[in-house]
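Asks: Structure below; questions to follow.
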């Protein structure tokens, strides 16, 4: 097998932070492990996950819900126009009994004679039948006219709701990025494990061939040969297990990144210079805008605005109103203490088609009584306040105060923990970087040893098995380098996440 040489190249930085995060020098993957498939980089896999994975679609749906809730809150401040109408057919039968009064009036001079009189109103029982139509129409307009505390608080709640949705979306994508990095390197590590076992199995088979010749020449025992056979079979079993683990790792990556499960990806290893780690001061400054702290600030503002809303809702209801009646039309205007005005116009008409035929004069008289008309106006103040409510008003205010205090304490807790979290993350990055550099030097040393052994093999100074043993040692060093690279990438991603730079 031809020796693999250490390769390094420099890739220009892009606007995506991960382009810098992946700037690692002298890294390479064994060619024997990379299977045929679609060549992709870690940046491309992360971009694909952000665009097509189920987790990304879920995060986008949650952001859409937050935006819709924001619009719903904001809609309460916009003018609303309501129209209504009524059309009804009516029929009514009224029986008005005749009421009679008897009078006795004296006649003649002596008053001994009287004459009886009977007066009946109406002269006879009247059956009054009414048929007609009742029509009503209403137009009502409600709008905020003054920037009161309630109006400002409601407007703030609408804006904060959308900002909170954006912070949640950013945090969800950050978590997805970390998950993709872990799975990506899980596949690379599984490939390296398969490659290492393939070399070990090849070395075991060479040993078995040598022992076969030695047993025939009585230079080795049958027991040694059987031990070599057992070791070869054990390595074959381990190789099968490693190949299964590699397939599971690829399926897991495809699932999270949004690729079809049967897609074969050829993962590329970055080959460039190391990105400088942000200083602690830069990280502390940037951490003020990371998603969880930004959301905590939003929650504080939401709690303050919600307390203003509760104070308004639990206070007295006061409204100035005016009303004008002109025939069938009624105009109404009102302004409450929350800064909202309501204008309404209503029209009501009752049209009677017939009256009782028994007595037309009485029917017309009663019809006039049932269709009165009036003009006038009314101006006043309408107020109401729950004097006794079982403590509900006080409980709502206490709850709003407690929620505001809880939001402030949560923000203070996050801010107090930022420096400690960043210092620990920075130390983890430095430690992982040191381990990666040491592993890289080990790989370089093993590459030189392999080149020297190959030269000796060409001169016949060492056997093929000796050469394979050196290559196996180098593969182990490469596997350790890959693990160190993963630990460094993970630590750096966690550090950037803690600083709000992921």
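In our numbering, the protein residues as written are 39 to 540. Note that the Cβ used here is the ideal one computed from N, Cα and C, for glycine as well. Here the structure is a predicted model, which means the values were calculated and not measured.
How far does the alpha helix (DSSP H) with residue 474 in it reach, from first residue to last?
Replies: Looking up residue 474 in the chain shown gives position 436. Run containing residue 474: 430–496, per the alpha helix (DSSP H) assignment.
Asks: Could you say which of 193, 169 and 176 lies nearest to residue 381 if we only look at CA atoms?
Replies: On the chain shown, position 343 is the one that residue 381 refers to. Nearest option by C-alpha distance: 176.
Asks: With 16 as the cutoff for other CB atoms within 10 Å, does residue 328 come out buried or exposed?
Replies: In the chain shown, residue 328 corresponds to position 290, counting from 1. Result: buried.
Asks: Please report the distance separating the alpha-carbon of residue 139 from that of residue 152.
Replies: To locate residue 139, count along the chain shown from 1; it is residue 101. To locate residue 152, count along the chain shown from 1; it is residue 114. For residue 139 and residue 152, the distance between alpha carbons rounds to 16 Å.
Asks: Name the one or two DSSP bridge partners that residue 181 has.
Replies: Residue numbering aside, residue 181 sits at position 143 when the chain shown is read from its first letter. In DSSP, residue 181 forms a bridge with 379.
Asks: Taking DSSP as the reference, what is the three-state secondary structure of residue 353?
Replies: Along the chain shown, read from residue 1 onward, the residue named residue 353 stands at position 315. In the structure shown, residue 353 sits in coil (DSSP, three-state: anything other than H, G, I, E or B).
Asks: Provide the residue(s) that pair with residue 175 in DSSP beta bridges, ordered along the chain.
Replies: As a first step, residue 175 is located in the chain shown; it is residue number 137 there, counting from the start. Bridge partners of residue 175: 123 and 385.
Asks: For residue 292 and residue 257, I'd like the C-alpha separation in whole angstroms.
Replies: Your numbering for residue 292 matches position 254 in the chain shown. Your numbering for residue 257 matches position 219 in the chain shown. Distance between the alpha carbons of residue 292 and residue 257: 52 Å.
Asks: Considering only C-alpha positions, which residue in the set 386, 182, 221 and 450 is nearest to residue 113?
Replies: Translated into the one-based positions of the chain shown, residue 113 becomes position 75. Measuring from the Cα of residue 113, the nearest candidate turns out to be 182.
Asks: So, helix, strand or coil for residue 167, using DSSP?
Replies: Translated into positions along the chain shown, residue 167 becomes position 129. DSSP places residue 167 in strand when its eight states are reduced to three.
Asks: Out of 102, 516 and 540, point me to the one whose CA is closest to residue 527's CA.
Replies: Counting from one through the chain shown, the residue named residue 527 turns up at place 489. Ranking the options by Cα distance to residue 527, first place goes to 540.
Asks: How many angstroms separate the CA atom of residue 294 from the CA atom of residue 462?
Replies: Within the chain shown, the letter at position 256 stands for residue 294. Within the chain shown, the letter at position 424 stands for residue 462. One C-alpha to the other measures close to 29 Å.
Asks: Taking the C-alpha atoms as reference points, what is the distance between residue 281 and residue 228?
Replies: If you number the chain shown from 1, residue 281 lands on position 243. If you number the chain shown from 1, residue 228 lands on position 190. Spanning the two alpha carbons is a distance of roughly 8 Å.
Asks: With a threshold of 16 other CB atoms inside 10 Å of the CB of residue 184, please say whether the residue is buried or exposed.
Replies: The count along the chain shown starts at 1 and reaches residue 184 at position 146. Classification of residue 184: exposed, given that the 10 Å Cβ count is below 16.
Asks: Can you look up residue 53 in the DSSP assignment and give me helix, strand or coil?
Replies: To locate residue 53, count along the chain shown from 1; it is residue 15. For residue 53, the pLDDT reaches just 32, beneath the cut-off of 50, and the residue's location in the model is therefore unreliable, leaving the point undetermined.
Asks: What is the C-beta distance between residue 331 and residue 453, in whole angstroms, given that I count them as a contact (C-beta under 8 Å)?
Replies: Your numbering for residue 331 matches position 293 in the chain shown. Your numbering for residue 453 matches position 415 in the chain shown. That pair is a contact at about 7 Å.
Asks: Might you give, ordered along the chain, the residues of its own chain that have their beta carbon closer than 6 Å to the beta carbon of residue 172, omitting 5 neighbours on each side?
Replies: Indexing the chain shown from 1 puts residue 172 at position 134. Excluding positions up to five away in sequence, the list reads 126, 128 and 388.
Asks: Drop a sphere of 10 angstroms on the beta-carbon of residue 288, count the other beta-carbons inside from all chains shown, and report buried for 16 or more, exposed for fewer.
Replies: Position 250 of the chain shown holds residue 288. Residue 288 is buried by the Cβ-count criterion.
Asks: To the nearest angstrom, how far is it from the Cα of residue 430 to the Cα of residue 99?
Replies: The residue given as residue 430 occupies position 392 in the chain shown. The residue given as residue 99 occupies position 61 in the chain shown. If you take the alpha carbons of residue 430 and residue 99, they lie about 36 Å apart.
Asks: For residue 117, list the residues DSSP reports as bridge partners.
Replies: By 1-based counting over the chain shown, the position of residue 117 is 79. Note: residue 117 sits in no beta bridge, so no partner.
Asks: Got a sec, what are the start and stop residues for the alpha helix (DSSP H) residue 418 sits in?
Replies: The residue you call residue 418 lines up with position 380 of the chain shown. Taken as a continuous stretch (DSSP letters only), residue 418 belongs to no alpha helix (DSSP H), being part of the beta strand (DSSP E) at 413–422.
Asks: From residue 108 to residue 473, what distance separates their C-alpha atoms?
Replies: Taking the chain shown and counting its residues from 1, one reaches residue 108 at position 70. Taking the chain shown and counting its residues from 1, one reaches residue 473 at position 435. Their Cα atoms are separated by approximately 48 Å.
Asks: By a C-beta neighbour count over all protein chains shown, 10 Å radius and 16 as the cutoff for buried, is residue 118 buried or exposed?
Replies: Mapped onto the chain shown, residue 118 falls at position 80. Exposed, by the Cβ-count rule.
Asks: Just to confirm, are residue 513 and residue 237 a CB contact at a threshold of 8 Å?
Replies: Here residue 513 refers to the residue found at position 475 of the chain shown. Here residue 237 refers to the residue found at position 199 of the chain shown. Against a cut-off of 8 Å, the Cβ pair of residue 237 and residue 513 comes out as a contact.
Asks: So is residue 202 buried or exposed if we call it buried at 16+ other beta carbons inside 10 Å?
Replies: The residue you call residue 202 lines up with position 164 of the chain shown. Counting Cβ neighbours within 10 Å, residue 202 comes out buried, since at least 16 surround it.
Asks: In this structure, does DSSP put residue 500 in helix, strand or coil?
Replies: If you number the chain shown from 1, residue 500 lands on position 462. Here residue 500 sits in coil by DSSP.
Asks: I need the DSSP call for residue 529, collapsed to helix, strand or coil.
Replies: Start at 1 with the first residue of the chain shown, and residue 529 comes out as number 491. Looking at residue 529 - three-state DSSP - the assignment turns out to be helix.
Asks: Could you have a look at residue 275 and say whether DSSP puts it in helix, strand or coil?
Replies: Along the chain shown, one-based indexing puts residue 275 at 237. It is helical.
Asks: Just mark residue 351 as buried or exposed, buried being the case when its beta carbon has 16 or more other beta carbons within 10 Å.
Replies: Working through the chain shown from its first residue, we reach residue 351 at position 313. Result: exposed.
Asks: Does residue 283 come within less than 8 Å of chain D when only Cβ atoms are used?
Replies: Going by chain labels, chain D is absent from the structure shown, which holds only one protein chain.
Asks: Assign residue 67 to buried or exposed, taking buried as 16 or more other Cβ atoms, counted over all protein chains shown, within 10 Å of its Cβ.
Replies: Indexing the chain shown from 1 puts residue 67 at position 29. Reliability of the predicted coordinates at residue 67 is poor, the pLDDT of 37 falling under 50, and the value obtained from them is presented with this limitation in mind. Buried, because 16 or more other Cβ atoms sit within 10 Å of the Cβ of residue 67.
Asks: Evaluate contact between the stretch 335–353 and the stretch 188–202, counting only Cβ atoms and requiring at least three cross-stretch pairs below 8 Å.
Replies: Yes: at least three Cβ pairs fall under 8 Å.
Asks: By the DSSP assignment, the beta strand (DSSP E) with residue 28 in it spans what residues?
Replies: Nothing about residue 28 can be reported from this structure: the residues present for the chain run from 39 to 540 only.
Asks: Report the rounded CA-to-CA distance for residue 370 versus residue 354, giving the unit in angstroms.
Replies: For the purposes of this step, residue 370 is identified with residue 332 of the chain shown, where counting begins at 1. For the purposes of this step, residue 354 is identified with residue 316 of the chain shown, where counting begins at 1. The straight-line gap from Cα to Cα measures roughly 22 Å.
Asks: Just verifying my parser: in three-state terms, what is the DSSP assignment at residue 79?
Replies: Counting from 1 along the chain shown, the entry for residue 79 is found at position 41. The answer is coil: DSSP assigns residue 79 none of H, G, I, E or B.
Asks: Could you tell me the alpha carbon to alpha carbon distance between residue 337 and residue 445, rounded to whole angstroms?
Replies: On the chain shown, residue 337 is found 299 positions in, with the first residue counted as 1. On the chain shown, residue 445 is found 407 positions in, with the first residue counted as 1. Each residue's alpha carbon lies about 6 Å from the other.
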